[in-house]
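All remarks here apply to the structure that follows.
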Amino acid sequence: MSKVTITINGQSIPCNEGDSILQVARKEGIEIPAICYLSGCSPTVACKLCMVEIDGKRNYSCNAKVKEGMNILTHTPEILKERNAIMQSYDINHPLQCGVCDKSGECELQNYTLKMNVTAQEYHIKESDKPHKSWAKAVYDPNLCIMCERCATTCKDNIGEAKLKAQKAELEVLDMALWKESMPKDALSVWARKQKALIDFVSDTPCFDCGECISVCPVGALSTNDFKYKANAWELKKIESTCTHCPMGCKITYEVRHNDTLGTPHIYRIKNDFYFNPICGAGRYGYDVSSSVNPAQNLQAAIEAFKKASHINIGNQVTNEEAFVLNHLAKILNCSLHNEEALSFKQFINTFLTYANKTMLNHLESFKEAQNVIFIGSAINYEVPNFRYMLNNKLKMLKNSQAIYMHPLHDTLLPSLSKSLATITYRPEALSVAIAALALAYVLSNPADTQAIQSITTIIQPILESRQIKHTPITKEIKETITTTNEAGEEVQTEVSKSIEEIQEEIVYQALIDANITMEDFQSLSSMLTSKPTLILGADAYMDTNTQLLAQLLGILEDKGFVQVILVPPFANALGLAMICDLSPKEANMGFSIGFREKGDFICDSDFINTDSNLQPTAPAPDFILPALNQLEGTYTSIDCRILPIKAALPFNGYDLSDIAKAFGMKGEYLIDYTSLICGCEFDDFDNRFLNDGTDVRGYRFKSLALTPLIPLDSLSLTLPTYTDSLNACMLNSPSQFNAYTAGSIHLQNKVGIYVSRDLFKELNIKEGEYITLTDSMHSVRGAVFIDHYLAQSYFLISPMLSGAQHIFASKPWANVAISHKEEA
0 MSKVTITING QSIPCNEGDS ILQVARKEGI EIPAICYLSG CSPTVACKLC MVEIDGKRNY
60 SCNAKVKEGM NILTHTPEIL KERNAIMQSY DINHPLQCGV CDKSGECELQ NYTLKMNVTA
120 QEYHIKESDK PHKSWAKAVY DPNLCIMCER CATTCKDNIG EAKLKAQKAE LEVLDMALWK
180 ESMPKDALSV WARKQKALID FVSDTPCFDC GECISVCPVG ALSTNDFKYK ANAWELKKIE
240 STCTHCPMGC KITYEVRHND TLGTPHIYRI KNDFYFNPIC GAGRYGYDVS SSVNPAQNLQ
300 AAIEAFKKAS HINIGNQVTN EEAFVLNHLA KILNCSLHNE EALSFKQFIN TFLTYANKTM
360 LNHLESFKEA QNVIFIGSAI NYEVPNFRYM LNNKLKMLKN SQAIYMHPLH DTLLPSLSKS
420 LATITYRPEA LSVAIAALAL AYVLSNPADT QAIQSITTII QPILESRQIK HTPITKEIKE
480 TITTTNEAGE EVQTEVSKSI EEIQEEIVYQ ALIDANITME DFQSLSSMLT SKPTLILGAD
540 AYMDTNTQLL AQLLGILEDK GFVQVILVPP FANALGLAMI CDLSPKEANM GFSIGFREKG
600 DFICDSDFIN TDSNLQPTAP APDFILPALN QLEGTYTSID CRILPIKAAL PFNGYDLSDI
660 AKAFGMKGEY LIDYTSLICG CEFDDFDNRF LNDGTDVRGY RFKSLALTPL IPLDSLSLTL
720 PTYTDSLNAC MLNSPSQFNA YTAGSIHLQN KVGIYVSRDL FKELNIKEGE YITLTDSMHS
780 VRGAVFIDHY LAQSYFLISP MLSGAQHIFA SKPWANVAIS HKEEA
């Protein structure tokens, strides 16, 4: 990207050609007011407060691109006068309910009214009737709305659903002739625009568990029904932390205040830095579950349990410090540590990096900067929703960017994001064939790279052999024996040579078509692979039968500069566990077990009390109650290889793992005393912010991962899948649901259950929330049924948190089930 130099208020500034003036000013810390603009999104030019003077001419800095030699003034007397008039237009008929408004104390309209020195109101118009509206978790008061359209902008450019729009409304029409002479031009146009429309929900599909529109609203027009009139913004203590529900590690801010006369702390809401970090519904609303503040604990019983344990089962909701202590205790006590998902992930990382000749995983910058991206093996709407937001924003804002999304589930929302996004819906068992397609594309486009081709074709040989292609490795031509019939009607075998181009269709239609990957799909994939795309690989690959060979293939392709691979961890802190713990495979009959935030003979876990209701925990009480993740300090490792701080928002007056560890000679008074032993950085030194230009400087980014020598594999080639047409169930977390904390939340609209398409729901002839029992003839799972409005296939999406799900799927993502019982909730 070429550089240009501009001048703002006499300051010479080098910047990137193509950036907007407002972007550059914000990056440099130069204030230009704007109430409608969201960083990283398309400008609406609604408020016009960002007007500046460019070489003597008026323009809007959100929409004006920098050019070499520009001279810009941001606060001339004429501009200040016009901004004052714009703020007066916003204040006309705006209800004066600041004392009880949810936004009071952090309202941008309040702030700018004071900043623009609005001390009188020179304009007036009859007020219109504006009835309140609501959608999902949002309540909309149009009387407070200033029509900045930030809610619609973020829904379109960040979330990707475009469910909110400015719709024409029957409002009092502004008499332009009356005010034309007495009101500045831009202020009049802002006022006239505001009198023509209101925000409305325009989608045919409902909205669930998002709230980003509420977050970006600069005034009190949008609020959440869980917070409205509950507390004043200025009363709330802000505690910056990290969301621990999925691997993305989004920055969140707990807002806490007492909720009774005894001063009991209570989380009232969670906020985010919406300019640079939209968050999903789980992060925003799944805050209302924690452990008992004053739990009944028997520390000595926990210590004795650790003494007799032969192994420790580690759950998916542990901090880095807990993982570190458990790993150390396992060595002291000669125990083994177990987490099957984290172990598979660790082994995949080790093999991938070894073949890629690297010691460090790629960061999210690779995704943000890539022109082309491929997603494979990850149902991102369910597993990492924020990645879908990032993908949508890239396709909307990065010119000529493209994406391919490959997964067995056909998610209709994803292709709606952009015409530049193509989907490939391969068969449920065909992940290995889908990844082999990437390797085939490399082989076919790089016939001179004989060494890499030898390695690749050895691995994917079953795909070639299934067509009886008699050549290894593939080079410039392939010999194949074909059978024809001569004039006498006799069969004749002939050996023919075909070029790579001639054989391509036969290779594709041999193995790939069986995987539901068409020739058109393969050509699209091959075309994208010519520009070194970033490949986002999901957790399906780590549990695949061919997982180590897939890691080899992708490592080779990364080493050759064909792709950049980003690995999506299988759960929230999986990378932390993989980095810290010496994990072992689990075996049968291993003796007495500790379940640390997991099942075991002696369970150490939170007791999952809902703090916003009288609902009691549904699971049996653990043997030793641990603080919830919103009650302790520690760290968490994100997909971006960052060790991020977790802060306590609520008190916990009890013991934690550090107290158990002291009985075995470990010295840490608190868990965060072990943080520096993990990364060399003290917990209190962690940063947790974004710079003005959006640069992420949060936490500590580690530089490398320790690799171990690879164990020789018994087989050097892929095992081709045996396709089963009867597969109709996928084990997948329900939307917005990740763990016991979200499952117990009363604020989340989506619940743990069995999700089906609208067509299948209609076929089942039941009501939402009714229960069904599914069986595979040996095991059964029971759950409430809900509609997934973006699922286009007749699959049952079964939450792994439902009792019996793990037995039905047995570590595989797909199964065949039948309905054995239906009942009302």
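Numbering that gives the first Met the number 0 puts the first residue of the sequence shown at 0, with every later residue one more than the last. Cβ atoms here follow ideal geometry from the backbone N, Cα and C, with glycine treated the same way. Given the structure is predicted, the values throughout are model-derived calculations rather than measurements.
Checklist line | Distance between T457 and L715 (C-alpha atoms, nearest Å) | finding: Counted from its first residue, the sequence shown places residue 715 at position 716. Counted from its first residue, the sequence shown places residue 457 at position 458. Distance between the alpha carbons of L715 and T457 is about 7 Å.
Note to self: Here's the rule: buried if 16 or more other CB atoms are within 10 angstroms of the residue's CB, otherwise exposed. What is A301?
What the structure shows: Taking the first residue of the sequence shown as 1, we reach residue 301 at position 302. Burial call: buried.
Check: What distance in whole Å lies between the Cβ atoms of G376 and G537, which are believed to be in contact at a cut-off of 8 Å?
Finding: The residue labelled residue 537 in the question sits at position 538 within the sequence shown. The residue labelled residue 376 in the question sits at position 377 within the sequence shown. G537 to G376, Cβ: 4 Å. Contact.
Next item on the list: Note down the Cα distance separating N349 from Y286, rounded to an integer number of angstroms.
Entry: Position 350 of the sequence shown holds residue 349. Position 287 of the sequence shown holds residue 286. So the two alpha carbons sit approximately 35 Å from each other.
Next item on the list: May I ask you to list the residues that DSSP assigns as paired with R781?
Entry: Looking up residue 781 in the sequence shown gives position 782. DSSP lists T772 as partners of R781.
Note to self: Mapping the DSSP letters down to three states, classify G693 as helix, strand or coil.
What the structure shows: What you label residue 693 is simply residue 694 of the sequence shown in a count that begins at 1. In the structure shown, G693 sits in coil (DSSP, three-state: anything other than H, G, I, E or B).
Next item on the list: Just the C-alpha distance for H327 and N732, rounded to the nearest angstrom, thanks.
Entry: Within the sequence shown, numbered from 1, the residue matching residue 327 stands at position 328. Within the sequence shown, numbered from 1, the residue matching residue 732 stands at position 733. Distance between the alpha carbons of H327 and N732: 32 Å.
Next item on the list: If I'm right that P650 touches V292 with Cβ under 8 Å, what's the distance once you round it to whole angstroms?
Entry: Taking the sequence shown and counting its residues from 1, the one referred to as residue 650 is at position 651. Taking the sequence shown and counting its residues from 1, the one referred to as residue 292 is at position 293. Between V292 and P650 the Cβ distance is about 6 Å, and since that is below 8 Å, they are a contact.
Check: Near I373, which residues of its chain fall below 6 Å by C-beta distance, leaving aside the five closest residues on each side in sequence?
Finding: If you number the sequence shown from 1, residue 373 lands on position 374. So the list reads I403, P532, L534, once near-sequence residues are dropped.
Checklist line | Among Y122, N371, Y89, S335, nearest to C106 - alpha-carbon criterion | finding: The sequence position of residue 106 within the sequence shown is 107, counting from 1. The shortest Cα separation from C106 among Y122, N371, Y89, S335 belongs to Y89.
Checklist line | Pick from V696, I807, N58, G667 that is closest to N727, judged by C-alpha positions | finding: The sequence position of residue 727 within the sequence shown is 728, counting from 1. Nearest option by C-alpha distance: I807.
Item checked: contact_flag[the stretch 357-366, the stretch 117-125] where n(CB pairs < 8 Å) is 3 or more -> Between the stretch 357-366 and the stretch 117-125 there are fewer than three C-beta pairs closer than 8 Å, too few to call the two in contact.
Checklist line | H338 burial status per 10 Å Cβ neighbour count (16 or more: buried) | finding: On the sequence shown, position 339 is the one that residue 338 refers to. Looking at the sequence shown, residue 338 is not His but Asn. The residue in question, N338, is buried, as its Cβ has 16 or more Cβ neighbours within 10 Å.
Notebook entry, point to check: beta strand (DSSP E) containing F595: first to last residue?
Noted result: Within the sequence shown, residue 595 is the residue found at index 596, counting from 1. According to the DSSP assignment, F595 belongs to the beta strand (DSSP E) that extends over 592-595.
Checklist line | Buried or exposed (CB count within 10 angstroms, at least 16 for buried), I818 | finding: Within the sequence shown, the letter at position 819 stands for residue 818. Label assigned to I818: exposed.
Margin query: Tell me the DSSP secondary structure of C147 in three-state form.
Written below: For this step, residue 147 is matched to residue 148 along the sequence shown. Coil.
Check: Taking one C-beta from the stretch 197-211 and one from the stretch 234-242 each time, how about it: are there three or more such pairs within less than 8 Å?
Finding: The answer is no - the stretch 234-242 does not touch the stretch 197-211, with fewer than three Cβ pairs under 8 Å.
Checklist line | Bridge partner(s) assigned by DSSP for E169 | finding: By one-based count along the sequence shown, residue 169 stands at place 170. Per DSSP, none; premise fails for E169.
Item checked: G285 in three-state terms, based on DSSP -> As a working note, residue 285 is residue 286 in the sequence shown. Note: G285 maps to coil in three-state DSSP.
Note to self: Given this structure, state the Cα-to-Cα distance separating S415 from L747, to the nearest angstrom.
What the structure shows: Locating residue 415 in the sequence shown gives position 416, where the first residue counts as 1. Locating residue 747 in the sequence shown gives position 748, where the first residue counts as 1. Answer to the nearest angstrom: the Cα atoms are 25 Å apart.
Checklist line | Coarse secondary structure for A487, derived from DSSP in three states | finding: Working through the sequence shown from its first residue, we reach residue 487 at position 488. A487 falls in the coil class under three-state DSSP.
Item checked: C-beta contact flag for R781 and I771 at 9 Å -> Looking up residue 781 in the sequence shown gives position 782. Looking up residue 771 in the sequence shown gives position 772. With respect to I771, R781 sits close: the two C-beta atoms are nearer than 9 Å.
Next item on the list: Using the Cα positions of E16 and L801, report the straight-line distance between them to the nearest angstrom.
Entry: Your numbering for residue 16 matches position 17 in the sequence shown. Your numbering for residue 801 matches position 802 in the sequence shown. If you take the alpha carbons of E16 and L801, they lie about 53 Å apart.
Checklist line | Chain-order list of residues whose beta-carbon lies under 8 Å from that of K2 (same chain, five-residue window excluded) | finding: Sequence index remark: in the sequence shown, residue 2 carries index 3 (1-based). So the qualifying residues of the chain are P13, C14, N15, E16.
Notebook entry, point to check: Should K345 go down as buried or exposed, given a rule of 16 or more other Cβ atoms within 10 Å for buried?
Noted result: The residue labelled residue 345 in the question sits at position 346 within the sequence shown. So K345 ends up on the buried side.
Next item on the list: Compute the distance between the beta-carbons of V215 and T112, then report whether it is under 9 Å.
Entry: By one-based count along the sequence shown, residue 215 stands at place 216. By one-based count along the sequence shown, residue 112 stands at place 113. Cβ distance not < 9 Å, so V215 and T112 don't count as in contact.
Margin query: Mapping the DSSP letters down to three states, classify C678 as helix, strand or coil.
Written below: The sequence position of residue 678 within the sequence shown is 679, counting from 1. Look at C678 here: in three-state DSSP terms it is helix.
Notebook entry, point to check: DSSP puts W813 in a beta bridge; with which residues?
Noted result: Mapped onto the sequence shown, residue 813 falls at position 814. W813 pairs with C729.
Check: Helix or strand or just coil, what does DSSP make of F607?
Finding: In the sequence shown, the residue the question calls residue 607 occupies position 608. Coil.
Notebook entry, point to check: Anyone know if the C-beta pair for I20 and I85 falls short of 9 Å?
Noted result: Position 21 of the sequence shown, counted from the start, is the residue given in the question as residue 20. Position 86 of the sequence shown, counted from the start, is the residue given in the question as residue 85. Cβ atoms of I20 and I85: not closer than 9 Å.
Check: DSSP three-state call for E557: helix, strand or coil?
Finding: On the sequence shown, residue 557 is found 558 positions in, with the first residue counted as 1. In this structure, E557 counts as helix in the three-state DSSP scheme.
Check: What does a CB cutoff of less than 7 Å around S703 pick up in its chain, not counting 5 residues either side in sequence?
Finding: By one-based count along the sequence shown, residue 703 stands at place 704. Excluding residues within five positions, the ones whose Cβ falls inside 7 Å are T358, M359.
Note to self: Using a Cβ-Cβ cutoff of less than 7 Å, which residues in the same chain neighbour L582 once the five nearest sequence positions on both sides are dropped?
What the structure shows: Here residue 582 refers to the residue found at position 583 when the sequence shown is read from its first residue. Non-local C-beta neighbours of L582 in its own chain, meaning closer than 7 Å and more than five positions away in sequence, comprise L336, H337, N338, A341, L342, K345, ordered along the chain.
Next item on the list: Rank L261, A369, P708 by C-alpha distance to the C-alpha of K393 and give the top, closest one.
Entry: As a working note, residue 393 is residue 394 in the sequence shown. Nearest C-alpha to K393: A369.
Note to self: Residues in the same chain with beta-carbon distance under 8 Å from F689, minus the five sequence neighbours each way, listed in chain order, please.
What the structure shows: Counting from one through the sequence shown, the residue named residue 689 turns up at place 690. If the five residues before and after F689 are omitted, its C-beta is found closer than 8 Å to the C-beta atoms of K250, D272, Y274, F275, N276, D695, V696, R697, all from its own chain and listed in chain order.
Next item on the list: Would you identify the three-state DSSP class for P13, choosing helix, strand or coil?
Entry: Residue mapping note: residue 13 aligns to position 14 of the sequence shown, counting from 1. P13: strand per DSSP, three-state reduction.
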